[in-house]
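Protein chains in written order, with our numbering: chain F, 12 to 353; chain X, 12 to 353. Notes follow the structure.
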């Protein structure tokens, strides 16, 4: 099975949501590989949405990629959307650069640098608004898969998990996880907010406000409002959302689906954390070792790993009966089309 | 029956959409009663969305109403949403003032004054984007009701119908329809665009570009993309959308639902036009003559008449089995809550 465990469900009206946000944290040099430079990470969520929706990008001159040249995981997500026909809606949870494709606007502000006192000033508003949106969407869909594109998001994830009392070790879009920088930034942020490890374990939205990013408040609010079956599509960033949901005491049927690259990342502890938190976890392997395309093979060497809901997008493809080979071939097709390689 | 003919359908997953747009045309003095002054009409769609969603308004100090004090039809729409539980999503098809509640953003520009050469510069883009959105939503909903809040929209409706070769006489939010001003503005607009009665009958999107507003392109695009059963919720503005759909040659299962106030408006020709165009029409009577509340009684004297999908909202309530009395009582409850009258 290319997705483990096999997603043995047959929803009638699945829906894919992708939450987009920017933060000041992503602009700290060395934090994020989701963009060719720290400043360019502002454009990454918009470009990812454009790529998933249209196969092209409008907000920047070329599709988002790592400094190494590995392509954005939006390629994987688009492949799944094309294969499965699942409708995909984007959510602006706080962007400096808005995508040139339709999106749902939550009227949220971009996140600040977590080294400031407050990183997400409107966390409670975002949560409430998202819960309202979730309640509406629950009347239209019986399975919602929630992905994200938030550069710098593993650092905020680490920050929130620490504030909630978890040693959540986070993954990275770099092959060599810049753990030292993340630790330093998180420590500075906790100091600025006057908090310690676990000191906000009963105030998860306050933890987001101090140390998180707007996506977390949006994702947790959606899970609350949706009520029914939800799949968080992401790696350690979505683990931090699980830790928030647990701390909020929400009783919801929620699982997490990520790529094998995050699940097997030794610098992180994805499996350990999902088990500790008590939520079902899925890991998907696109089998890019057998891939004719160099850009996608780079994933096998630890580049990029996850994002734009790529793991959940594979979960969706497997759920609807598509094989690893069919998915991989669609990825190659999308990659060649996007990067004009024949 | 308070809705004629009775809406004898039972959709599984109905959805209500409300398209919001501003135009320069609305700022022409005497054109629109949808706001206390011509400048204030910029705030009306945002305030309407806020009222439907939350029962309060944030973008202005008090809810949108006519200069006379008659309340916005958003009151009727909120009553229906509360009764039926149908999810409602707002669409920004070109706003100067965005609502402080979530909305789907089409990346569209507000419309210009139709006395300029081009009123909707991005009509084709809006149409295409909306059709894409419609295709997604068609996978989630089997009946979509599409309303609008576009001040000044009956003048642009008249303009587009003239360009397409129809003597579409339009209704008004004023009790005394300012037909003379509308005629003058439409004539000036046709002159500026170098077009004559019927000269664009084979170019409906060009007619929107010259004489229309962004809502029309969005509504027609949605109908195209949705494919399945759609109800246009509105009066003569939505008749203009029907004329566009017909001119485009779209074969779709589309109907129109409005209030009795528009259907029976002698200054307009709603019934004649829907018959001529060949689409089923529904008219809904909330029975406000029997209403304890002065503000709503004003509708019986020809104030406001329609907007924010009020006619379609009543269609939805009747479709789900609610009586005129239940609907009216919910309107009174919403009105009293919104205007803090006990």
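Virtual Cβ for every residue (Gly too), placed ideally from N, Cα, C.
query = At a cut of 8 Å, does the region 229-243 of chain F reach the region 206-213 of chain F through at least three beta carbon pairs?
reply = no
inquiry  = Per the DSSP calculation, residue 26/F is bridged to which residue(s)?
reply    = In the first chain, residue 26/F corresponds to position 15, counting from 1. Partner(s): 155/F.
key: Close beta carbons around residue 7/X, own chain, < 6 Å, minus the five adjacent residues each side   = Within the shown structure, residues of chain X are numbered from 12 to 353, placing residue 7/X beyond reach of any answer.
task = Say whether the region 54-65 of chain F touches the region 265-273 of chain F, bearing in mind that this needs 3 or more beta-carbon pairs closer than 8 Å, one atom from each stretch.
result = No, the region 54-65 of chain F is not in contact with the region 265-273 of chain F.
message = On a Cα-Cα basis, can you pick out the residue from 283/X, 281/X and 329/X that is closest to residue 297/X?
response = Taking the second chain and counting its residues from 1, one reaches residue 297/X at position 286. It is 329/X.
query = What is the DSSP secondary structure of residue 247/F, reduced to helix, strand or coil?
reply = To locate residue 247/F, count along the first chain from 1; it is residue 236. Helix, per DSSP.
message = Looking at chain X, is there any beta carbon in it that lies within less than 8 Å of the beta carbon of residue 428/F?
response = Nothing about residue 428/F can be read from this structure; chain F reaches only from 12 to 353.
key: For residue 116/X, the three-state DSSP class (helix, strand or coil)   = On the second chain, residue 116/X is found 105 positions in, with the first residue counted as 1. Residue 116/X carries a strand assignment under DSSP once its states are collapsed to helix, strand and coil.
query = Quick one: what's got a C-beta closer than 7 Å to residue 90/X's C-beta in the same chain, skipping five residues either side?
reply = The residue you call residue 90/X lines up with position 79 of the second chain. Taken in chain order, the residues that qualify are 338, 341, 342 and 345.
key: Residues of the region 110-140 of chain F with Cβ closer than 9 Å to any Cβ of chain X, in chain order   = If the cut-off is 9 Å between Cβ atoms, the region 110-140 of chain F has 110, 111, 112, 113, 114, 115, 116, 117, 118 and 140 near chain X.
query = Roughly how far, in whole angstroms, is the beta-carbon of residue 116/X from the beta-carbon of residue 116/F, given that I think they are within contact range, below 8 Å?
reply = Here residue 116/X refers to the residue found at position 105 of the second chain. Here residue 116/F refers to the residue found at position 105 of the first chain. That pair is a contact at about 5 Å.
query = What number of angstroms, rounded off, separates the C-alpha of residue 182/F from the C-alpha of residue 153/F?
reply = Reading the first chain from its first residue, position 171 is the one you call residue 182/F. Reading the first chain from its first residue, position 142 is the one you call residue 153/F. Taking the straight line joining both Cα atoms gives about 30 Å.
ask   = What are the boundary residues of the alpha helix (DSSP H) that includes residue 269/X?
value = For the purposes of this step, residue 269/X is taken as the residue at position 258 of the second chain. Run containing residue 269/X: none in the alpha helix (DSSP H); it sits in the beta strand (DSSP E), 265-270.
inquiry  = Once DSSP output is grouped into helix, strand and coil, what is the label at residue 15/F?
reply    = Translated into the one-based positions of the first chain, residue 15/F becomes position 4. Strand at residue 15/F.
message = Using only the alpha-carbon positions, how far apart do residue 217/X and residue 163/F sit?
response = As a working note, residue 217/X is residue 206 in the second chain. As a working note, residue 163/F is residue 152 in the first chain. Roughly 45 Å separates the two Cα atoms.
message = Based on DSSP bridge pairs, tell me the residues matched to residue 160/F.
response = Sequence index remark: in the first chain, residue 160/F carries index 149 (1-based). DSSP, once it has assigned bridges, lists 31/F as partnering residue 160/F.
ask   = So, using beta-carbon positions, are residue 119/F and residue 250/F closer together than 8 Å?
value = For the purposes of this step, residue 119/F is taken as the residue at position 108 of the first chain. For the purposes of this step, residue 250/F is taken as the residue at position 239 of the first chain. In this structure, residue 250/F does not lie closer than 8 Å to residue 119/F by Cβ.
query = What separation, rounded to the nearest whole angstrom, lies between the Cα atoms of residue 29/F and residue 103/F?
reply = Residue numbering aside, residue 29/F sits at position 18 when the first chain is read from its first letter. Residue numbering aside, residue 103/F sits at position 92 when the first chain is read from its first letter. C-alpha separation (whole angstroms): 9 Å.
query = Run through DSSP, which three-state label would residue 81/X get?
reply = Locating residue 81/X in the second chain gives position 70, counting from the first residue. DSSP places residue 81/X in coil when its eight states are reduced to three.
key: Start and end residues, alpha helix (DSSP H) containing residue 300/X   = Here residue 300/X refers to the residue found at position 289 when the second chain is read from its first residue. Per DSSP, residue 300/X belongs to no alpha helix (DSSP H) and is neither H nor E.
request  = Under 9 Å between beta-carbons, which chain X residues line up against residue 98/F? List them in chain order, please.
outcome  = On the first chain, residue 98/F is found 87 positions in, with the first residue counted as 1. Those within 9 Å of residue 98/F in chain X are 146, 147, 148, 149, 150 and 151.
ask   = Since residue 24/F meets chain X, which of its residues come closer than 8 Å, beta carbon to beta carbon?
value = Start at 1 with the first residue of the first chain, and residue 24/F comes out as number 13. Residues of chain X passing the Cβ test: 24, 150 and 151.
message = Using only the alpha-carbon positions, how far apart do residue 51/X and residue 238/F sit?
response = Residue 51/X sits at position 40 when you count from the first residue of the second chain. Residue 238/F sits at position 227 when you count from the first residue of the first chain. Looking at the two C-alpha atoms, the distance is approximately 39 Å.
task = With DSSP as the reference, label residue 129/F as helix, strand or coil.
result = Position 118 of the first chain, counted from the first residue, corresponds to residue 129/F. Coil.
request  = Compare the beta carbon distance of residue 84/X and residue 317/X with 8 Å and say whether it is the shorter of the two.
outcome  = Indexing the second chain from 1 puts residue 84/X at position 73. Indexing the second chain from 1 puts residue 317/X at position 306. In this structure, residue 317/X lies closer than 8 Å to residue 84/X by Cβ.
query = In terms of residue numbering, what span does the beta strand (DSSP E) encompassing residue 294/X cover?
reply = For the purposes of this step, residue 294/X is taken as the residue at position 283 of the second chain. Here the beta strand (DSSP E) through residue 294/X covers 292-295.
query = What is the DSSP secondary structure of residue 188/F, reduced to helix, strand or coil?
reply = Numbered from 1 along the first chain, position 177 holds the residue referred to as residue 188/F. Coil.
ask   = Which term fits residue 177/F, buried or exposed, when burial requires 16 or more other beta carbons within 10 angstroms of its beta carbon?
value = Here residue 177/F refers to the residue found at position 166 when the first chain is read from its first residue. So residue 177/F ends up on the buried side.
request  = Label residue 54/F either buried or exposed according to how many other C-beta atoms from any shown protein chain fall within 10 Å of its C-beta, with 16 as the threshold for buried.
outcome  = Residue numbering aside, residue 54/F sits at position 43 when the first chain is read from its first letter. Residue 54/F should be labelled buried.
inquiry  = Using only CA atoms, which one of 34/F, 19/F and 88/F lies nearest to residue 122/F?
reply    = Taking the first chain and counting its residues from 1, the one referred to as residue 122/F is at position 111. Residue 34/F is the option with its Cα nearest to residue 122/F.
task = Ignore the nearest five residues each way along the sequence and tell me which others in residue 107/X's own chain have a CB closer than 6 Å to its CB.
result = Counting from one through the second chain, the residue named residue 107/X turns up at place 96. Closer than 6 Å at the Cβ level, and outside the excluded window around residue 107/X, lie 33, 53 and 121.
key: Collapsed DSSP secondary structure at residue 42/X in the structure displayed   = Taking the first residue of the second chain as 1, we reach residue 42/X at position 31. Collapsing the DSSP output to three states places residue 42/X in coil.
task = Could you check what DSSP says for residue 175/F in three-state terms: helix, strand or coil?
result = Stepping through the first chain from its first residue, residue 175/F is reached at position 164. Three-state DSSP puts residue 175/F in coil, outside helix and strand.
Residue(s) in a DSSP beta bridge with residue 99/X = Along the second chain, read from residue 1 onward, the residue named residue 99/X stands at position 88. 27/X.
key: residue 71/F, DSSP secondary structure in three states   = In the first chain, the residue the question calls residue 71/F occupies position 60. Looking at residue 71/F - three-state DSSP - the assignment turns out to be coil, as it is neither helix nor strand.
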